[in-house]
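Undergrad:
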Amino acid sequence: MRQNHRMVQTGARAAQLAALIVAGGVQTQISAPIPPRSSMLGDDDLAELLSVYETLGGLREPSTFRPGSWDLAFDDGLIIELDEELHFNRYRGLTFGLGDSSTLPWASAYARYCTQQETACLAAGRWGKRWTSPSSEKHFGPANGAGTLVDGGAPRWKQRAFYDAMKDIAARAGELRLARLSVWDNIGDTKLGEILTGRAALLDPSALDQLLLARTLDASSAS
């Protein structure tokens, strides 16, 4: 019996993705795991996290890091992060060259999107709090002018890349099953983002199932 989904985070595209997955027979858990905290990581994983922080230009002795909630959670233990345009840029790309991140099931595609789709990231996030914020500048220094990615660049982009990498590290180290899907992923000949915004139909639900399976990191076999 298929059940209604409950999202951990709101958002029109995340809502549509959840609906498609529920329609495919995956049921949603009532409560999601708490998001990762640095105190949950072992020494080796924490060292990798600090390496990411330093590579992205972190300026401080790190305090407790607090990434946001997981996007979608299901009662079979699956956690899904839907990564939209703001997640693909040079800063996130750097994280896939560190530690064991290149072995993640989404690493190859995501590293490519970080290069190919940075212009779309700029179009979506070159102003306001999408570009910088007091909390991100505290860790990554002052921003450059809007749209200028040299020197200080975009502190908020760096912070987002860091938190994404932290979730990746936590998933590899922990017991949860994490899958990452991107709006730039192809479902057949159609971008997932087009399907989630209603500009295209999901003609082959099994193709979404196959992508989800290929992108799922099972922590029990990750180490």
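Residue numbering for the sequence shown follows this note's numbering, beginning at 2 and increasing consecutively. Positions of the beta carbon are idealized from the N, C-alpha and C atoms, including for glycine.
(1) How big is the Cα-Cα spacing for threonine 65 and methionine 167?
(2) Assign lysine 159 to one of two classes, buried (16 or more other C-beta atoms within 10 Å of its C-beta) or exposed (fewer than that).
(3) DSSP three-state call for alanine 33: helix, strand or coil?
(4) Go ahead and pull the three-state DSSP assignment for threonine 56.
(5) Quick one: using the 10 Å Cβ neighbour count with 16 as the cut-off for buried, is arginine 161 buried or exposed?
(6) Taking all protein chains shown into account, decide if serine 102 is buried (16 or more other Cβ within 10 angstroms of its Cβ) or exposed.
(7) Determine the DSSP secondary structure at aspartate 169, reduced to helix, strand or coil.
(8) Taking the alpha-carbon positions, what's the lysine 139 to proline 37 distance?
(9) Whole-angstrom Cβ separation of leucine 182 and isoleucine 81, contact assumed at under 8 Å?
(10) Would you report the Cα separation of glycine 100 and alanine 15, rounded to the nearest angstrom?
TA: Taking the structure as given:
(1) Your numbering for residue 65 matches position 64 in the sequence shown. Your numbering for residue 167 matches position 166 in the sequence shown. When rounded, the distance between both Cα atoms is 12 Å.
(2) Sequence index remark: in the sequence shown, residue 159 carries index 158 (1-based). Buried is the label assigned to lysine 159, since at least 16 other Cβ atoms lie within 10 Å of its Cβ.
(3) The residue you call residue 33 lines up with position 32 of the sequence shown. Residue state for alanine 33 is assigned as coil, using DSSP reduced to three classes.
(4) Locating residue 56 in the sequence shown gives position 55, where the first residue counts as 1. Three-state DSSP puts threonine 56 in a helix.
(5) Along the sequence shown, read from residue 1 onward, the residue named residue 161 stands at position 160. Buried is the call here.
(6) Translated into positions along the sequence shown, residue 102 becomes position 101. Counting Cβ neighbours within 10 Å, serine 102 comes out buried, since at least 16 surround it.
(7) The sequence position of residue 169 within the sequence shown is 168, counting from 1. Aspartate 169 falls in the helix class under three-state DSSP.
(8) Counted from its first residue, the sequence shown places residue 139 at position 138. Counted from its first residue, the sequence shown places residue 37 at position 36. Spanning the two alpha carbons is a distance of roughly 20 Å.
(9) Here residue 182 corresponds to residue number 181 of the sequence shown, with the count starting at 1. Here residue 81 corresponds to residue number 80 of the sequence shown, with the count starting at 1. Going by Cβ atoms, the distance from leucine 182 to isoleucine 81 rounds to 6 Å, so yes, they are a contact pair.
(10) Here residue 100 is taken as the residue at index 99 of the sequence shown, counted from 1. Here residue 15 is taken as the residue at index 14 of the sequence shown, counted from 1. Each residue's alpha carbon lies about 29 Å from the other.
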